[in-house]
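Read left to right, the sequence shown gives residues -28 to -1, 1 to 750 (mature numbering (1 follows the signal peptide of the UniProt record, and there is no 0)). What follows is one structure encoded as structure tokens, with my remarks underneath.
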Amino acid sequence: MKNMYDHFSKGILLGVLCLASCSNSARSEQEPPMNRYKAVFTSIPQEVPTIKTPDAPLAGNGDIGITMGGAPDSLCFYIGKNDFWRAYPVYPGGIALPGGLSISSKSLQGAGYYAEQLPGSAEIKGRFTKEDLQVELSAWVVATHNHVVIELTANEPIEINLNLWAAQGNTSVTAQGKEDIHWVSRSFENTPLLRWPTHVILAMNTPGSPLPHSDRVLLQPGEKRWITVTAYTNHDTPQWKDRALSEARKLTPALLKDLKKEHQQWWNNFWNESSVAIGDEELERYYYMSQYLLACSSRGDKFAPGIWGTFVTRDEAAWGGDYHLNYNYQAPYWAAFSSNHIDLTKNFDQPLLDYMDMGRQHARELLNCKGIYYPVGIGPKGLCTSMWPLTPDEMMQKYATRENTIDNGYKFLGQKINAVFSVGNMLMRHYSTYDEAYAKKVYPYIIACADFWEDYLVMENGRYVIKMDHFNEVMPNKRNKGVWRNRLGDFNSTLSLGLVKMLFKGVTDMSIFLQTDEKRREKWNEILTRLSDYPVGKNAEGRMSLKSMERGPQNSVVRPSGLNRVSIHGLILPGGVAGPVTDSVFNAILLEDVNHWTDRQWNPDDWGNTSNNGIETCYPGAVRVGYDAEKLLQHLKRRISFSVHPNLWITQGGGGIETLAAVPLTINEMLMQSYEGVIRIFPNWIMTQDASFKDLRAYGAFLVSSSLKNGTVEMVEIKSEKGRTCVIDNPWKGKKVRIVRNGKDEEVIGGSRFTIDTKEGETVKVLPARGGSTSDGS
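Now the structure itself:
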């Protein structure tokens, strides 16, 4: 195993040495190796502030995020926080901007702009040059505390002016103080529609400065100056103001140096959780930077991130920056499971659990059903963010109809599946960890979804069918001039069939694991057995292809349109109910659909038509059905170049942080799969291209490592966290393998697939048998 990782480590070291010799700024010998995947900026960001994804340098700690906008003489750090919400049930409620810190100096007017976004140290570094003057900046959010830290140095004397500010308006109330600490606060409270109050404080200090607690900093050559902003909300602590002021006062240069070490250790631990090396530095850069941006946006013990993560630069973020339940909320987490970044996923469930009482009310009042029924958009603490406008006039202005009482005023958009969509993430984590405490936590939610679908399914002609659950969102808008009900009536949507099958398979598995609800399993198994088949048919070319639904509105005929983003959600991600093991014949139909994606792409660089939504879905979905690996990576690179920001955030029209799953999930699925209960090593990789991976997480609570060299798998290492039985496809087809435990040969086995019994905490190595023995019957 040592040789397997030596090559990867040497590659990182060479990259770091190259950067050290080529960079214009001095680098410490201790610079984190992951900084080789940095993003570089040579011009002023243009999309800051924005209601969507900023194009600026970014840093964060999963709760607080900073976005560095502006020119060298007028920099602006926008400070976002995942728990600062304007808790309105209608847009423009949702996530809001606390405020920021502006840093200005006339001496830098017209200066050259250079900045780096460094994933290894989780910081922004800037260098601004005007003639002989050079000012350098480092900005980071302490990984383990609520502090933003900005460090400044200069080669000539210069005065820097500081302006700490709170965002204004939108029914907020602001305050400020300049006691021993300069602070500003912003609050949403005491307005009629507000569901709960939110307060935030930003407290600034200038530790070690000869002008302490001042709004200006004097830089002298060779000296470093610190600016800190401490941020707390009432959701962090009821003593939010006192806590921020107290902690801000205590910050000293010595303490900041200790916090920097603690910060760096957190990020070192994060990057040590898993790794890949694929011989393609361009894709590796997007792989790791995507994980960096997600880690900046999500932390397990904090509020879950909305659509734009912690990088909120103005109020009225698109779609309220809320938790959009028909894929946007779920998708950012998908790569974190297999990448072994489980902590990033631990905040996912709480908003869903908090909405259960309202979900039961919706199911009972709107559909006369048991269980839970969720609208398209929610927020934290039981908040619905997606009600129709509250007045008919506003409804007419925005949606071309005065009818604002559709579904009692809540936006379901014709979809019954929103609650079940999130079960996919719960099952991914369950199968990946087999954590009993976690299973007990989410089981009531999954049971409530099962209650709903047991009640909602209809038995017709010996099979269960799904009526009036729609493949796409159905709603009034200006294009259809309010005439929209003729689009209602989907029958057996592929999305619905797949997610319902996922639900009943998952609830059965979890009930067995928890040893509960045994009497209900017979009904669940009957549903699984008698649920309608996925609709397919012959297309215009005469080949079998997937349909989006069996019948359309008013029983209209539906022509096959092939596998696409929405059907992938039901069948593959997060559904996980289709694949080569589940049904090889059906999988072949899906693969042929993917082979024909080029027939209908509108842009040669946009394979899969993901410019608006779906890059995180279509590419890993294509991997799972077996699309050609070399072609897929070519398509992926072209798609990235089609729309990507300088901060390496791959963008699309319809959403934000979900795209951060695209490259990591695609690469992970190419290197290792386990979603059908079978571990596959390099299942869809370019076998002539050397690659390795360390500690990717597989279903069954296994951490798997392997390497490919010269077309041959060198070995497989499996760490068993829970002592479960491991099923693995033979990586050496036609050969027997050795199973090595505790450094000793235990047994030689053969077959195209084999089972390994493991013990909790055990590491098992799988190697080709000596002498090239062939296996029996493979």
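All C-beta atoms, glycine included, are put in the ideal place defined by N, C-alpha and C.
Rounded separation between residue i and residue j - CA only
| i | j | result |
| --- | --- | --- |
| Arg215 | Met176 | 13 Å |
| Ser692 | Ala87 | 43 Å |
| Val479 | Thr317 | 20 Å |
| Asp45 | Pro655 | 52 Å |
| Thr282 | Asp294 | 12 Å |
| residue 774 | Gly534 | As shown, the chain starts at -28 and ends at 750. That puts residue 774 outside it, with no answer to give. |
| Pro416 | Met40 | 42 Å |
| Phe726 | Thr623 | 42 Å |
| Phe56 | Val284 | 10 Å |
| Leu338 | Asp379 | 7 Å |
| Ser(-4) | Ala673 | Its pLDDT being 43, under 50, Ser(-4) is placed unreliably in this model, and the value from its coordinates should be taken loosely. Those two C-alpha atoms are separated by around 44 Å. |
| Cys(-7) | Glu3 | For Cys(-7), the pLDDT reaches just 40, beneath the cut-off of 50, and the residue's location in the model is therefore unreliable, although a value from the coordinates is still provided. If you take the alpha carbons of Cys(-7) and Glu3, they lie about 14 Å apart. |
| Arg652 | Asn640 | 11 Å |
| Trp657 | Glu602 | 8 Å |
| Arg271 | Asn319 | 7 Å |
| Gly343 | Tyr428 | 10 Å |
| residue 801 | Ile418 | Only positions -28 to 750 of the chain appear in this structure, which leaves residue 801 out of reach. |
| Lys213 | Glu219 | 10 Å |
| Ser181 | Phe309 | 44 Å |
| Arg307 | Ala634 | The question names Arg, but residue 307 is Ala in the sequence shown. About 8 Å. |
| Leu227 | Ser678 | 41 Å |
| Ser15 | Leu30 | 15 Å |
| Pro347 | Leu469 | 19 Å |
| Ser247 | Asn527 | 50 Å |
For residue i, the residue or residues it bridges with in DSSP
| i | result |
| --- | --- |
| His119 | Thr202 |
| Arg99 | Tyr86 and Glu108 |
| Val307 | It is Ala, not Val, that sits at residue 307 in the sequence shown. Paired residue(s): none; Ala307 is not in a bridge. |
| Cys48 | Gly41 and Ser74 |
| Lys383 | DSSP lists no partner for Lys383. |
| Cys356 | Ile350 |
| Ser677 | Glu689 |
| Trp291 | Trp291 pairs with nothing; no bridge assigned. |
| Thr727 | Val699 |
| Arg188 | Asn133 |
| Arg669 | Leu675 |
| Asp717 | Val712 |
| Gly66 | Arg58 |
Candidates the options: closest to residue i by CA position
| i | options | result |
| --- | --- | --- |
| His402 | Ile344, Asp252 and Leu486 | Leu486 |
| Pro532 | Asp555, Pro552 and Asp565 | Asp565 |
| Gly92 | Asn54, Glu219, Asn244 and Trp155 | Asn244 |
| Ala94 | Cys356, Tyr264, Pro364 and Ser77 | Tyr264 |
| Leu324 | Ala83, Val709 and Asn397 | Asn397 |
| Lys708 | Lys274, Pro740, Ala303 and Ser679 | Pro740 |
| Phe100 | Val121, Val120, Leu90 and Thr125 | Thr125 |
| Pro703 | Tyr260, Leu680 and Thr697 | Leu680 |
| Val699 | Arg221, Thr684, Val736 and Lys666 | Val736 |
| Tyr9 | Tyr428, Thr163, His117 and Tyr259 | Tyr259 |
| Gly32 | Thr143, Thr582 and Val114 | Val114 |
| Ala203 | Val430, Ile173, Met367 and Arg572 | Ile173 |
| Met521 | Gly461, Asp577 and Gly514 | Gly461 |
| Lys233 | Thr373, His117, Cys356 and Thr570 | His117 |
| Trp168 | Val455, Asn559 and Arg58 | Arg58 |
| Cys341 | Pro618, Lys383, Met482 and Val430 | Val430 |
| Val62 | Gly194, Leu166, Pro304 and Leu562 | Leu166 |
| Tyr301 | Ile279, Asp315 and Glu288 | Ile279 |
| Lys666 | Val201, Val688, Met659 and Phe614 | Val688 |
| Phe384 | Gly72, Gly331 and Trp425 | Gly331 |
| Phe102 | Lys731, Gln140, Ala43 and Thr178 | Before going on, a small fix: residue 102 reads as Lys here, not Phe. Minimum Cα distance to Lys102 is reached at Ala43. |
| Arg742 | Asp717, Ser613 and Phe242 | Asp717 |
| residue 761 | Thr684, His119 and Met516 | In the structure as shown, the chain begins at -28 and stops at 750. Residue 761 is therefore absent and cannot be evaluated. |
Cβ distance (whole Å) where residue i is taken to contact residue j below 8 Å
| i | j | result |
| --- | --- | --- |
| residue 790 | Ile23 | Outside the modelled stretch of the chain, which goes from -28 to 750, sits residue 790, for which no answer is possible. |
| Lys370 | Pro364 | Not a contact, Cβ separation roughly 11 Å. |
| Val529 | Leu471 | About 24 Å; that fails the 8 Å criterion. |
| Glu128 | Ser110 | No, Glu128 and Ser110 are not in contact; Cβ-Cβ is about 19 Å, not under 8 Å. |
| Ser157 | Thr146 | 7 Å |
| Cys48 | Ser77 | Between Ser77 and Cys48 the Cβ distance is about 13 Å, and since that is not below 8 Å, they are no contact. |
| Gly72 | Trp137 | 6 Å |
| message | I'd like to know if the region 440 to 454 and the region 496 to 511 are in contact, where contact means that at least 3 CB-CB pairs between them fall below 8 Å. | response | no
| field | Touch test, the region 606 to 615 against the region 538 to 553, Cβ-Cβ under 8 Å, three pairs minimum | value | no
| Touching or not, the region 591 to 601 and the region 536 to 549, by the rule of three or more beta carbon pairs under 8 Å? | Touching, yes, given that three or more Cβ pairs across the two stretches are closer than 8 Å.
| said: Pairs of beta-carbons, one from the region 625 to 636 and one from the region 585 to 593, closer than 8 Å: are there three or more? | reply: yes
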